[in-house]
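Asks: Quick note: the sequence shown uses the numbering used here, first residue -3, plus one each step.
From the three backbone atoms N, C-alpha and C, an ideal C-beta is built for every residue, glycine too.
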Amino acid sequence: MKKTLSVLLMLIAISSAAFANRTDNPSTNTVAVVEDGAIFKLYYRPLEQMDVKISIHDAADKIVFSEVLKKSEGFVRPYNFSNLPEGNYTIEIVDNSGRHTESVTYRKNNITALAHLIRIPGGEKYVLTVPNRNLGEVTVRILDSFDNVIYNQKESVVGDFAKIYNLEECSGKFVFEVTDGQGVRKSLSY
C-alpha cells in the first residue's frame, strides 16, 4: 500500500509538472526527501534517463553509505538510519545535470512527523502528505503571507493521506497548518 501510494504521488507530481503552464527551471531534476521515523525516503525524477550516485554523509562529511543507480528514470528509495548515531546528515545526489544535496536530522525514537509538504515544480501546486498514524481526521489550514486563511478543511485520514493543493490563483508565501485530533499541530511553509 505504501509503495503504491509513493509511486502514485511521484506520478502525480511528474504529470502535474509536465502539464503546468510555467516552469521554474526546466533543466532541473525533481528531488525531495521525506522523513518517516528512522526511514528517509528519497524521491528522484530526472528529465531524462541517466546514472545517479547517491551518497549519505555524516556531520564530519564522512560517507556512511553510497550507491550508483544505472540508467535511472526516477525512483523512490527508502534509507534506514536506525543503525546510525543521531545527528545531522547530508544526502547527496550526483547526476549528469550536477550535484544536489538535502540536509536531514536523525533522532532516535523520534515521533514520526505529522505531515510533509512538497512543491511541484512548474507552478504553485503543493503535495501535502500525512503518514498513516491512525489519526482518523486532520484539519488543514492554509494561510497567505498576511495570515489570511485561504483554506480550512477537515480531511479524513485512513492509511496514508496525500492531496495536491493548487495555489496558482494566490501570490506570495504560504503556511500550511496541519492539526490532528489530539491538538498536535505542525506548520509547514513554502
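Is Lys169 helix, strand or coil by DSSP?
Replies: Lys169: coil per DSSP, three-state reduction.
Asks: From the DSSP output, in three-state form, read off Arg95 for me.
Replies: Strand at Arg95.
Asks: Excluding five sequence neighbours on each side, which residues of the same chain lie with their C-beta closer than 7 Å to the C-beta of Gly202?
Replies: Outside the displayed span of the chain (-3 to 186) sits residue 202, for which this structure offers no information.
Asks: Which partner residues of Ile35 appear in the DSSP bridge assignment?
Replies: Note: Ile35 sits in a beta bridge opposite Asp32, Asn76.
Asks: Check whether the region 94 to 101 and the region 22 to 40 touch, using three or more Cβ-Cβ pairs below 8 Å as the test.
Replies: Enough Cβ pairs lie closer than 8 Å, so yes.
Asks: Do Ile114 and Ala28 have their beta-carbon atoms positioned less than 7 Å apart in this structure?
Replies: In this structure, Ile114 lies closer than 7 Å to Ala28 by Cβ.
Asks: If we require 3 or more residues per run, which beta strand (DSSP E) segments fall completely within the region 99 to 153?
Replies: Runs of the beta strand (DSSP E) inside the region 99 to 153: 112 to 116, 121 to 126, 132 to 139, 145 to 153.
Asks: Sort Thr26, Gly118, Glu165, His112 by Cα distance to Tyr40 and report the nearest one.
Replies: Tyr40 has its Cα closest to that of Thr26, out of Thr26, Gly118, Glu165, His112.
Asks: In angstroms with no decimal places, state the Cα-to-Cα distance between Glu63 and Val48.
Replies: If you take the alpha carbons of Glu63 and Val48, they lie about 8 Å apart.
Asks: Report yes if the C-beta distance between Glu164 and Lys150 is below 7 Å; otherwise report no.
Replies: No. Outside cutoff.
Asks: Taking buried to mean at least 16 other C-beta atoms within 10 Å of its own C-beta, is Asp57 buried or exposed?
Replies: Exposed: under 16 other Cβ atoms inside 10 Å.
Asks: Quick one: is Gln178 near chain B, going by C-beta distance under 7 Å?
Replies: Although the question refers to chain B, the structure presented lacks it and comprises just one protein chain.
Asks: By a C-beta neighbour count over all protein chains shown, 10 Å radius and 16 as the cutoff for buried, is Pro42 buried or exposed?
Replies: Classification of Pro42: buried, given that the 10 Å Cβ count is 16 or more.
Asks: State yes or no: is the C-beta of Ser141 within less than 7 Å of the C-beta of Lys169?
Replies: Cβ distance < 7 Å, so Ser141 and Lys169 count as in contact.
Asks: If you measure from the CB of Val136, is any heavy atom of the ligand GDP nearer than 6 Å?
Replies: The ligand GDP is not part of this structure, which contains no ligands at all.
Asks: Suppose you measure from the CA of Pro74 to the CA of Val123; what does that come to, to the nearest Å?
Replies: Straight-line Cα distance between these residues: approximately 19 Å.
Asks: For Leu211, write down the residues that DSSP places opposite it in a beta bridge.
Replies: Beyond the ends of the chain as shown, which are -3 and 186, falls residue 211; an answer cannot be given.
Asks: Please identify the residue among Glu88, Phe71, Val171, Lys104 whose C-alpha is closest to the C-alpha of Asn79.
Replies: Cα-wise, what sits closest to Asn79 is Lys104.
Asks: Locate the beta strand (DSSP E) running through Lys159, then write down its first and last residues.
Replies: First-last of the beta strand (DSSP E) with Lys159: 157 to 162.
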